[in-house]
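Here is the structure we will look at, set down as structure tokens.
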Amino acid sequence: MQRAGPQPGERVLDVGCGTGRLTHLARRRVGEAGVVYGIDASPKMIAVARAKAAQEGLAVDFRVGLIEALDFPDQSLDVVLSNVMFHHLPDDLQEQGLAEIFRVLKPGGRLLVVDLQRPMGFIGHVQMTLFAHGALINGVEALPRRMRPLGFEAIEQGRLAVGPIGYVLGRRALTAEHRS
Ligand SMILES: C[S@@+](CC[C@H](N)C(=O)[O-])C[C@H]1O[C@@H](n2cnc3c(N)ncnc32)[C@H](O)[C@@H]1O
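Per the numbering used here, the sequence shown starts with residue 364, numbered consecutively.
Spelled out as structure tokens, the structure:
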């Protein structure tokens, strides 16, 4: 997963950034030459994220915005991050969101989604109930079949060591046109 991590000088978007914990981390990684955006549907989350960034002296462009209608130009970003937000979305918004992410990624740009994974077995269901998501049907493991038709490639997926959490990493193909 290290390979997905933002590199110095890159342009990064954290979608559903909440209070900006991951966004701030990305900001530190891209350095002075990089640019980091965080968007969230909730104005309250964005207000907190801005206040925390100001406290820490971090230059992040936080905006109220929706994953399904990204206010960024085509092919303008190197990395899109999403941490535990996709499971909040119904199927149609997941598809729209992925299409929007594909549109704004540069060719070769990466998407990293970390999110809840469909529970397996009794212990898995207990864990998911503990995470207050007992009804989760499709988790992060279902994203690759939505990503491939859009033109994402080199898709990797796996589970994190702790809890019912998984990740999916994909790259916008170098040559593919925007297909949505
Ligand atoms: C569980 S929080 C995760 C926040 C953050 N990524 C983190 O790791 O702390 C999920 C966030 O997704 C945001 N969200 C939900 N639907 C959204 C949408 N359609 N577009 C953008 N953000 C959305 C919520 O407002 C919430 O802040």
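Idealized CB from N, CA, C, for every residue including glycine. Just so you know, these numbers come straight off a predicted model, no measurement behind them.
Using a 10 Å radius around the Cβ and a threshold of 16 neighbouring Cβ atoms, would you call residue i buried or exposed?
| i | result |
| --- | --- |
| Thr538 | exposed |
| Gly420 | exposed |
| Ala367 | buried |
| Asp434 | exposed |
| Gly394 | exposed |
| Arg534 | buried |
| Met364 | Model confidence at Met364 stands at a pLDDT of 46, short of 50, so the residue's coordinates are unreliable; what they give is reported in the following sentence. So Met364 ends up on the exposed side. |
Starting from residue i, follow the beta strand (DSSP E) in both directions and report where the run begins and ends.
| i | result |
| --- | --- |
| Ala389 | Premise fails: Ala389 lies in the alpha helix (DSSP H), Arg384 to Val393, not in any beta strand (DSSP E). |
Do residue j and residue i come within 8 Å of each other at the CB atom, strictly closer than that value?
| i | j | result |
| --- | --- | --- |
| Arg627 | Pro406 | Absent from the structure is residue 627, since the part of the chain shown begins at 364 and ends at 543. |
| Val423 | Ala416 | yes |
| Leu461 | Arg384 | no |
| Gly401 | Ala412 | yes |
| Val375 | Asp441 | yes |
| Leu388 | Ala404 | no |
| Val443 | Leu474 | yes |
| Tyr530 | Val476 | yes |
How is the alpha helix (DSSP H) around residue i delimited, first residue to last?
| i | result |
| --- | --- |
| Arg374 | No alpha helix (DSSP H) holds Arg374; the beta strand (DSSP E) holding it covers Arg374 to Val378. |
| Arg509 | Pro507 to Met510 |
Of all the CB atoms in chain B, is at least one closer than 8 Å to the CB of residue i?
| i | result |
| --- | --- |
| Val447 | Included in the structure is just one protein chain, with no chain B present. |
Between residue i and residue j, which are expected to be in contact by the criterion C-beta below 8 Å, what is the C-beta distance as a whole number of angstroms?
| i | j | result |
| --- | --- | --- |
| Gln480 | Ile528 | 6 Å |
Go through the segment 403-485 residue by residue and report every complete run of the alpha helix (DSSP H) that reaches 4 residues or more, in order.
-> Complete alpha helix (DSSP H) runs here, min 4: 406-419 and 454-467.
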